[in-house]
Amino acid sequence: MPDPVQALIKYVLLALLYLFMLRVIRAVWVETRQPQAAPSISPASSPTPYGSNHQAPGTPKPPPGPEKLVGVSPAEVKNREFPLGAELTVGRAPGCAIFLEDDTFVSQLHARVFRRDDGLFVEDLGSTNGTFLNGVKVTAPVKLSKGDKVQFGKSTLEVRK
Amino acid sequence: MTPLPARRRTELGLIILVVLLTGGLYALAGFGKAGNLPANIGPLLGALFALLIVAHIAMRKLAPLADPVLLPLAGLLNGIGYVFIARLSPHEARLQAIWTTLGIAVFVATLIIVRRARDIERLRYLFAAVGIGLLLLPLVPGIGENINGARLWIHVGALNFQPGEVAKLALAIFFASVLAERADLLSRGTRRIGRFLVLDPRYLAPIVTAWALSLVIFLAENDLGSSFLFFALFIGMLWVATGRTLYLGFGAVLFGGGSLFALKTIGHARTRVQGWLDPWIHAQTSGYQIIQGWFAIANGGLFGLGPGQSGAASIPEASTDMIFVVIAEELGLVGATAVLIGFLLMVGSGLRIAVRCERPFEKLLAAGLSLILGVQTFVIVAGVTRLIPLTGITLPFVSYGGSSLVSNYILLALLLRLSHGAESPTEIGALVASDGQRLVGTL
Chain R
6 MPDPVQALIK
16 YVLLALLYLF
26 MLRVIRAVWV
36 ETRQPQAAPS
46 ISPASSPTPY
56 GSNHQAPGTP
66 KPPPGPEKLV
76 GVSPAEVKNR
86 EFPLGAELTV
96 GRAPGCAIFL
106 EDDTFVSQLH
116 ARVFRRDDGL
126 FVEDLGSTNG
136 TFLNGVKVTA
146 PVKLSKGDKV
156 QFGKSTLEVR
166 K
Chain E
7 MTPLPARRRT
17 ELGLIILVVL
27 LTGGLYALAG
37 FGKAGNLPAN
47 IGPLLGALFA
57 LLIVAHIAMR
67 KLAPLADPVL
77 LPLAGLLNGI
87 GYVFIARLSP
97 HEARLQAIWT
107 TLGIAVFVAT
117 LIIVRRARDI
127 ERLRYLFAAV
137 GIGLLLLPLV
147 PGIGENINGA
157 RLWIHVGALN
167 FQPGEVAKLA
177 LAIFFASVLA
187 ERADLLSRGT
197 RRIGRFLVLD
207 PRYLAPIVTA
217 WALSLVIFLA
227 ENDLGSSFLF
237 FALFIGMLWV
247 ATGRTLYLGF
257 GAVLFGGGSL
267 FALKTIGHAR
277 TRVQGWLDPW
287 IHAQTSGYQI
297 IQGWFAIANG
307 GLFGLGPGQS
317 GAASIPEAST
327 DMIFVVIAEE
337 LGLVGATAVL
347 IGFLLMVGSG
357 LRIAVRCERP
367 FEKLLAAGLS
377 LILGVQTFVI
387 VAGVTRLIPL
397 TGITLPFVSY
407 GGSSLVSNYI
417 LLALLLRLSH
427 GAESPTEIGA
437 LVASDGQRLV
447 GTL
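Take a look at the structure:
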């Protein structure tokens, strides 16, 4: 093959190489400009096929079951109130909805309290010191009802209406 | 059946471009070197396409929401690397093809085995033990082997392997897991000395131990590039975990001290530094490789001589340490820059994954893995261009070398797993809804 042709092919391939990089950049750019729906916390309102499809979108009904957690002990959390939404994370990481910053027995992301169609549940997320419901260690998502005492690390919270 | 996410469509399109590009470069290199089209170009392109499609299908099934650009970028770098290895040594090219196949197999296996990042977080001490064990392996008499003054190979039968390549991933997982748990303890002082609150050293103990041990091992094996990689990984992750710039200063001081010590005591290190500071005086010895590299880069000019058209085979270690130089000679500044852009985009995507992850362990691991990729690229590219002393370390995905290729595909699979996890925030909810039993089993 004559040299000029080879040189031409080389330029074409180099151009193609940059075209590839541009396409990569565009793929990233498109995503950053129009971010996908912000990570939704609630499984119930999730648009993914995984979510439970028990309710039509846009028609929120009042959630059943208890409505808040109230601190019992120790003194740092006593009488602090945590209103319950569709899902709350419990932990010592600053982003947690139930932010137990003073309890060093609480893991960064300790547990979550979430609502499904049939009520309110608590689930341990692999915490170091465990989550206890009325003194019994939580190993699977467990349903909560009014008056239950949930312990994360050293902090105890009570479920109230 | 869920619709194919847009990200996978993007990935597929990019993969097709990768195959076209690699094929074009391979054909051109054949013409440049031998004057005709390489006989095996058909099977080669078919194999490359098949491998990337296997990886792509695995992504659709196992991590459909993950980042779309990482796999094609890795495939492109691997493809370009293969073209230049084949152009330098057909024998090494055959081996590299086998390693690439193995790399993709391990990539898929990693995606299958590691379903959630949390699973590996729990095994932190296992990973620490595996990492350190792998680092120690080359020192075992009988299977360890010295190559170019560095003892970091093991030799079992006909198989050469560099266990340190996999060890760095295991230790990154260990660092991430320990740091994620203790980030808050490490970012503010807890022990009072006089008027000051200082860090309680015992919180740092496991990491410092692992780090010191791995450093000692590396010095015993004479592998300076990897020592630096480890050190940078350790300090970088500490910095990411705590947000304290102090650690970077602390690291710089430690690194300065360590370098001086290495310079005084290790002949291997002294030779490298000599060849770096004053290559011309040692042009026939320690400076030879780097000077040959310079000539090659200069010879390449802006657009390069064309694939297959240089005398690159005369550069020592052309297919491993110096592959970037060969690319610079034959594709010029423009082509070499494109390769660097590729790495930049990979590291950028990795850090974007770190930003999008929500749990500290995942954030740290994504940052750590990106750091490995970035620092390794920097160390070798800066080495061959004489910004820093040249150390024998591979250019990820590009250089010839099986252990490096396989471990980089594991790294890629882990990053993509983290990315998928970050984009599916209902992961926990989804598991509860669809498969409560399995979740119960793992908690």
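Each protein sequence line maps, in turn, to chains R and E. Taking my numbering, the leading residue of the first sequence gets 6, the next gets one more, and so forth. Taking my numbering, the leading residue of the second sequence gets 7, the next gets one more, and so forth. Glycine residues also receive a C-beta, built at the ideal position from the N, C-alpha and C atoms.
Residues near residue i by beta carbon distance below 7 Å, same chain, minus five either side
i        : result
Gly87/E  : Ile329, Phe403, Val404 and Ser405
Ala115/E : none
Trp105/E : Gly408, Leu411 and Val412
Gly137/E : Ala173, Ala176, Leu177 and Phe180
Gln382/E : Leu235, Ile399 and Pro402
Ala116/R : Val95, Val127, Glu128, Asp129, Leu130, Ser132, Thr136 and Phe157
Val147/R : Phe126, Val127 and Leu138
Ile118/E : Leu68
Val184/E : Arg130, Pro212 and Ile213
Contacting residues, own chain, Cβ-Cβ under 6 Å from residue i (five flanking each side not counted)
i        : result
Gly91/E  : The sequence shown places Ile at residue 91/E, rather than the Gly named in the question. Answer for Ile91/E: Glu98, Ala99, Gln102, Ser325 and Tyr406, listed in chain order.
Ser425/E : Ala72, Asp73 and Ile359
Phe349/E : Thr383
Tyr415/E : Gly109, Val112 and Phe113
Asn305/E : Glu335
Chain R within 8 Å of residue i, Cβ atoms only
i        : result
Val361/E : no
Thr16/E  : yes
Leu337/E : yes
Gly348/E : yes
Asp441/E : With a pLDDT of 42 at Asp441/E, under the threshold of 50, the modelled position of that residue is not reliable, and no figure is offered here.
Val387/E : no
Arg423/E : no
Arg365/E : yes
Ser405/E : no
Gly427/E : no
Ser265/E : no
Ser355/E : yes
Arg31/E  : The amino acid at residue 31/E is misidentified as Arg; the sequence shows Leu. Yes - at least one Cβ of chain R is within 8 Å of the one on Leu31/E.
Ala99/E  : no
Leu20/E  : yes
Val172/E : no
Glu368/E : no
Val332/E : no
Val184/E : no
Val340/E : yes
Residue i at chain E interface by Cβ criterion, 8 Å
i        : result
Lys151/R : no
Leu74/R  : no
Ala102/R : no
Gln11/R  : yes
Ala98/R  : yes
Leu93/R  : no
Leu105/R : no
Leu114/R : yes
Val82/R  : no
Val33/R  : yes
Presumed contact (8 Å Cβ cut-off) between residue i and residue j, rounded CB distance
i        : j        : result
Ala344/E : Gly356/E : Between Gly356/E and Ala344/E the Cβ distance is about 19 Å, and since that is not below 8 Å, they are no contact.
Leu337/E : Leu19/R  : 7 Å
Gly231/E : Gly341/E : Gly231/E to Gly341/E, Cβ: 24 Å. No contact.
Pro78/E  : Leu20/E  : 3 Å
Leu162/R : Leu74/R  : 4 Å
Gly38/E  : Gly312/E : 5 Å
Gly281/E : Gly293/E : 4 Å
Cβ neighbours of residue i in the same chain (closer than 8 Å, five flanking residues each side left out)
i        : result
Val120/E : Ile126, Ala419, Leu420 and Arg423
Glu269/E : The amino acid at residue 269/E is misidentified as Glu; the sequence shows Leu. Counting only Cβ-Cβ distances below 8 Å, and skipping sequence neighbours, we find Ala275, Arg276 and Val279.
Leu140/E : Pro169, Gly170, Val172, Ala173 and Ala176
Leu149/R : Gly70, Pro71, Val118, Gly124, Leu125, Phe126, Val127, Leu138, Val155 and Val164
Heavy atom of the ligand FAD within 7 Å of residue i beta-carbon
i        : result
Val111/R : Here there are no bound small molecules, and the ligand FAD is not part of this structure.
Quiz prompt | Against chain R: residues of the region 119-131 of chain E by CB proximity under 9 Å | solution = Arg124, Glu127 and Arg128
Which residues of the region 221-250 of chain E have a Cβ closer than 7 Å to any Cβ of chain R? Give them in chain order. none
Item to complete: Mind checking the region 14-31 of chain R against chain E and listing, in chain order, the residues whose C-beta falls within less than 8 Å of any C-beta there?
Response: Going along the region 14-31 of chain R in chain order, one finds Ile14, Lys15, Tyr16, Val17, Leu18, Leu19, Leu21, Leu22, Tyr23, Leu24, Phe25, Met26, Arg28, Val29 and Ile30 with a Cβ nearer than 8 Å to chain E.
(Q) Beta carbons nearer than 7 Å to chain E: which residues of the region 125-153 of chain R have them? (A) Per Cβ criterion, the list reads Asp129, Gly131, Thr144, Ala145 and Pro146.
Which runs of the alpha helix (DSSP H), 4 residues or longer, sit entirely within the region 220-264 of chain E? Qualifying alpha helix (DSSP H) stretches, in chain order: 230-248.
Quiz prompt | Every unbroken alpha helix (DSSP H) within the region 62-132 of chain E, with a cutoff of 4 residues, ordered by chain | solution = 76-94, 96-119 and 123-127
Using a Cβ-Cβ cutoff of 8 Å, what residues of the region 64-94 of chain E are near chain R? List them in chain order. Pro74, Val75, Pro78, Leu79 and Leu82
Checklist entry - Which residues, taken in chain order from the region 394-420 of chain E, show a beta carbon closer than 9 Å to some beta carbon of chain R? => result Result list empty, no residue passes.
Short-range partners of chain R found in the region 292-314 of chain E, where Cβ spacing is below 8 Å: Of all residues in the region 292-314 of chain E, Phe309, Gly310, Gly312 and Pro313 have a Cβ within less than 8 Å of some Cβ in chain R.
Members of the region 37-48 of chain E that neighbour chain R once the beta carbon cut-off is set at 8 Å: Phe37, Gly38 and Gly41
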